[in-house]
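Just below is one structure, and these are the notes that go with it.
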Amino acid sequence: MVKEITIQELNTEQFISEQVRQIKDAVKDGTAINALSGGVDSSVVTMLGHRALGKQLRTVFVDTGLMRQGEPEHVVALFADLGVPVEIVDARAEFLAALKGLTDPEAKREAITQTFYSSVFGRIVKESKARCLLQGTILTDIDETVAGIKRQHNVFAQLGIDPQEAFGYHIVEPLIQLRKDGVRKVGEGLGLPAELFDRIPFPGPALAARVIGEVTPERVETVRKATVVVERILRTTSAFQYMAILHEDRVTGMRDGRRDFGQQVEVRCWDSVDARTATPTELAFETLRKLAADILQEVPGVVSVTYNIATKPPSTIEAI
Ligand code: XMP
15 MVKEITIQEL NTEQFISEQV RQIKDAVKDG TAINALSGGV DSSVVTMLGH
65 RALGKQLRTV FVDTGLMRQG EPEHVVALFA DLGVPVEIVD ARAEFLAALK
115 GLTDPEAKRE AITQTFYSSV FGRIVKESKA RCLLQGTILT DIDETVAGIK
165 RQHNVFAQLG IDPQEAFGYH IVEPLIQLRK DGVRKVGEGL GLPAELFDRI
215 PFPGPALAAR VIGEVTPERV ETVRKATVVV ERILRTTSAF QYMAILHEDR
265 VTGMRDGRRD FGQQVEVRCW DSVDARTATP TELAFETLRK LAADILQEVP
315 GVVSVTYNIA TKPPSTIEAI
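Printed below as a string of structure tokens:
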């Protein structure tokens with residue numbers, strides 16, 4: 015049982031020095047690896063690891079082919095400004111091959127987990143002889159996995175999986191007692207720029223969590239383009255998280271005077287404190303209209319745009 019540190023209880027400076035000490039103790043004079051996705055959690059872990067280990071930490075950005083537009087280069091540049099070197103590992107072909115033909119949400123999550131931890135990381139850790147992998151699992155990930163709602167792709171111990179046995183390396187999880195609000199506070203305390211600690215959450219399975227049905231390169235490209243529009247238009251809201259989701263069902267539309275049996279994009283925009291519950295943001299109709307117009311204009315093949323007005327629960331934040 016992991017003991018929660020609530021935002022009220024969190025003493026940022028004390029938390030940072032305690033975690034830095036624990037990371038040092040775990041790694042000793044060896045090396046550690048961590049995967050940076052540019053999301054809030056992995057960014058905070060990267061800075062904690064960097065503070066604890068300096069050159070003994072190797073940070074990689076795994077390009078799964080499921081990231082947002084320009085994300086790998088952007089994240090690497092942000093961390094370069096902070097003095098943290100990040101290597102990009104191109105694993106696009108491997109992830110897309112693992113996802114081919116899969117439509118079941120849990121099967122897709124499992125394929126991503128296996129590719130990430132066994133294939134890609136298994137190889138990197140083995141080659142580098144690192145002692146452990148630092149990762150940004152947070153308490154909400156565990157809650158939902160244990161409750162059987164969603165198998166968060168990075169939760170193992172709670173499922174009875176021993177990473178040492180399954181993948182051949184040890185996993186250190188410095189943020190395991192925190193929820194998102196606490197992680198942001200620690201990020202700020204570590205001197206991350208607001209763009210990183212205040213970023214909207216983005217899931218480990220990346221855009222695959224937002225493609226209903228099979229994840230193909232073309233379908234990822236569609237949701238990626240829709241994501242550009244949604245993030246551009248909703249950036250100025252104070253919403254907790256917003257996203258575009260590509261549906262599997264097609265609907266009849268018309269384009270250039272002809273029938274176009276096209277694709278449907280669903281927009282979600284959530285108000286939430288810690289992702290455990292969420293309500294849809296009351297967006298102005300003008301904003302919704304702009305979302306629809308720009309998606310229809312900029313994303314080929316889309317003929318329908320909807321806005322989700324369900325709450326979590328029973329919905330979840332992501333679609334997969
Ligand atoms: P759900 O969809 O479960 O999402 O309501 C709750 C929060 O967690 C994020 N999320 C994930 N984060 N790995 C992650 O690191 C995952 O597999 C994953 N699935 C969902 C989601 O974006 C939301 O903020």
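Reading the sequence shown from the start, the letters are residues 15 to 334 in the numbering used here. We put the beta carbon where it would ideally sit given N, CA and C, even for glycine.
Glu280 has its CB no nearer than 8 Å to any heavy atom of the ligand XMP. Distance between Glu245 and Leu96, taken at the CA atoms: about 24 Å. When C-alpha distances from Phe299 are compared across Ile247, Ala258, Asp263, the shortest belongs to Ile247. In the structure shown, Thr60 falls within a helical segment according to DSSP collapsed to helix, strand and coil.
Between Leu92 and Leu50, the alpha-carbon positions lie close to 12 Å from each other. Taking the C-beta atoms as reference points, Leu204 is found no nearer than 9 Å to Thr236. In this structure, Gln33 and Pro177 do not form a Cβ contact; the two beta carbons are roughly 19 Å apart against a cut-off of 8 Å.
For Ala180, the shortest separation between its Cβ and any heavy atom of the ligand XMP does not lie below 8 Å.
DSSP places Asp77 in the strand class (E or B) of the three-state scheme. The Cβ-Cβ distance between Arg72 and Glu101 falls below 9 Å.
Assignment of alpha helix (DSSP H) within the stretch 151-223, counting only whole runs of 4 or more residues, yields 153-160, 177-181, 194-203, 208-211 in chain order.
Put simply, of Met15, Arg165, Ala144, Ile152 the residue whose alpha carbon is nearest the alpha carbon of Gln128 is Arg165.
In the DSSP annotation of this structure, the continuous segment of the beta strand (DSSP E) that includes Glu101 starts and ends at 100-104. Here Val139 has Ile47, Leu147, Phe181, Gly182, Tyr183 as same chain residues with Cβ atoms under 8 Å from its own Cβ, once five neighbours each way along the sequence are excluded. Along the length of the stretch 286-330, whole alpha helix (DSSP H) runs at least 4 residues long occupy 299-312, reported in chain order. Less than 9 Å separates the beta-carbon of Arg193 from that of Glu18. Taking the Cβ atoms as the reference, Val317 lies roughly 7 Å from Gln277, within the contact range of under 8 Å.
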